[in-house]
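If you use this note's numbering, the sequence shown corresponds to residues 14 to 346, in order. Below is one structure, written out as structure tokens, with a few remarks after it.
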Amino acid sequence: MMPSLRLSIVIACALTLFAGSLRAAEIHLSTENTASHFQTRFLEHYAADLNTRISTHHFSVLHSAQAFKDRDVAEALSGGRVAIAAPGIWHLGRFAPDLNALLLPGFMGLETQKVRELVDGTFGLALNQSLEQKLKVRVLGKWLDLGPAHIFTRNQVIRTFDDLKGLRIRYAGGEGNALRLKAMGAIPVLIPWPDVPDALDHGEIDGLLTTTSTVASASLWDHGIRHAFFSHSYYPFYIPLVSLDIWNRMPAQMQTTLTTAWANMIDEGRDLAAQDQKKSIEMLIAHNINIVEPDETARRNERVLLLAHQDDMANTIGISSKALQTLEQFAGQ
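Right under this line is the structure:
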């Protein structure tokens, strides 16, 4: 099916949902990740569960950016052109600037459970409320983990953080990611995920900032990735969003079913993320990807160096003083 025709179908479905109260229709969940990515598999599991509970509608996942790239899906949700999506925090900071606090150096290398404590608490709740107000969406519940983000390269072996200087490193979004890469001496290059394999094939970038799960799900070793530097640069999450226009046309019982089903599955989804990270590392090794992991001292020293730029980064991005203070208190800076 041609992309333009597929998009027309998605919009037509959304318009059907718009017509007064919610009528029977296909309800799409959009993601730009591939079919094998754990996030896609989790969303499909969620959709399947909803289909057992809601007989009046059918839920299905459009993966691999069949509907929208994640950089565009927030506006699509806001305009009711798609019903449900779970874009990454790096795509949402331009709508809720304080989300960018999670991309600052203060979060480098923090343990999974510690970061979850912050986003599951009052700080995360405030971010959810900001997104709901700015985007006309409803946050379904707790965020889905992606796992720690690292640096992956084609030809250059990265043995220390200094080796990143001068390299063209792709990032998915988030001004905080760009500023952090610049502070490390790299050249940040913004490229949407669906275009990454082609960019690697044509040598447009030297590497990318992403997770082991994402590299494995797209078999990026087939596109020249040969080295991994486990930098623990930041901890990405996906935020589950529903178009508010569509949400408001759902019966209250259906709304409850969507939120309850997500709540019942999110811990399993987070476990799946952790398991997938481990399996993906095994796949990297099996495909002869050279892995370098700096020790705790090296990571701490790099974090301290970058923290000297954190206030300037926060001011550039527009992060509130309250959010920055919360981050600094939480991370013990």
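Just so it is clear, CB atoms sit at the ideal spot from N, CA and C, and this is done for glycine as well. Predicted model, so just to flag it, every value in this text is computed and none were measured.
Look up residue i in the DSSP assignment and say whether it is helix, strand or coil.
| i | result |
| --- | --- |
| L153 | coil |
| Y59 | helix |
| E217 | coil |
| L203 | strand |
| R19 | Confidence in R19 is poor, its pLDDT being 45 and thus under 50, which makes the residue's placement unreliable; the coordinate value appears in the next sentence. In this structure, R19 counts as helix in the three-state DSSP scheme. |
| G345 | coil |
| D133 | coil |
| I304 | strand |
| F250 | strand |
Tell me which residues share the same chain as residue i and place their Cβ nearer than 6 Å to its Cβ, disregarding the 5 neighbours each side in the sequence.
| i | result |
| --- | --- |
| E315 | F174 |
| T53 | T44, N46 and H76 |
| L257 | K149, V150 and R151 |
| I304 | A241 |
| L116 | G187, G189, N190 and Y247 |
Assign residue i to one of two classes, buried (16 or more other C-beta atoms within 10 Å of its C-beta) or exposed (fewer than that).
| i | result |
| --- | --- |
| G198 | exposed |
| R313 | exposed |
| T348 | For the chain, the structure presents residues 14 to 346; residue 348 sits outside this window and is missing. |
| E88 | exposed |
| K155 | buried |
| E124 | exposed |
| R19 | Interpretation of R19 is limited by its pLDDT of 45, a score under 50 that renders its predicted location unreliable; the figure taken from the coordinates is listed afterwards. R19 comes out exposed. |
| N190 | buried |
| K335 | exposed |
| Q290 | buried |
Going by C-alpha distance, which of the options is nearest residue i?
| i | options | result |
| --- | --- | --- |
| I97 | D324, T329, M263 and L340 | M263 |
| D284 | E306, S256, Q126 and H163 | Q126 |
| N301 | A287, W275 and S232 | S232 |
| G216 | Y248, E295 and T166 | T166 |
| T227 | L213, W206 and L177 | W206 |
| W103 | G186, D83 and F243 | G186 |
| I182 | L203, A162, E188 and F51 | L203 |
| Y251 | R84, R94, Q79 and L63 | R84 |
| Q146 | S230, L105 and L56 | L105 |
| L254 | A265, W275, G237 and N328 | W275 |
| R94 | G160, L297, G220 and I259 | I259 |
| R66 | F51, Q266, V74 and R239 | Q266 |
Taking the beta strand (DSSP E) that residue i falls in, what are its first and last residues?
| i | result |
| --- | --- |
| N314 | From DSSP, N314 is part of no beta strand (DSSP E) but of the alpha helix (DSSP H) over E309 to L320. |
| E39 | E39 to S43 |
| S246 | H240 to Y247 |
Which same chain residues, not among the five before or five after residue i, have their C-beta less than 7 Å away from its C-beta?
| i | result |
| --- | --- |
| G119 | L320, Q323, L340, E341, A344 and Q346 |
| I294 | T225 |
| P110 | I330, G331 and I332 |
| K195 | P201 |
| L131 | G137 and F343 |
Note down, in chain order, each residue of its chain lying with its Cβ closer than 8 Å to the Cβ of residue i, except the 5 sequence neighbours on either side.
| i | result |
| --- | --- |
| A311 | T173 and F174 |
| H163 | L222, T223, T224, T225, A241, F242, F243, S244, H245 and S246 |
| M278 | F55, H58, Y59 and D62 |
| K82 | E45, P205, W206 and P207 |
| L140 | A109, D111, L112 and V132 |
Along the chain, where does the alpha helix (DSSP H) containing residue i start, and where does it finish?
| i | result |
| --- | --- |
| A191 | E188 to A196 |
| V255 | That residue, V255, is in no alpha helix (DSSP H); its beta strand (DSSP E) goes L254 to S256. |
| I182 | Not the alpha helix (DSSP H): I182 falls in the beta strand (DSSP E), residues R181 to Y184. |
Does any C-beta atom of chain D lie closer than 7 Å to the C-beta of residue i?
| i | result |
| --- | --- |
| F242 | Among the protein chains of the structure shown there is no chain D, as only one such chain exists. |
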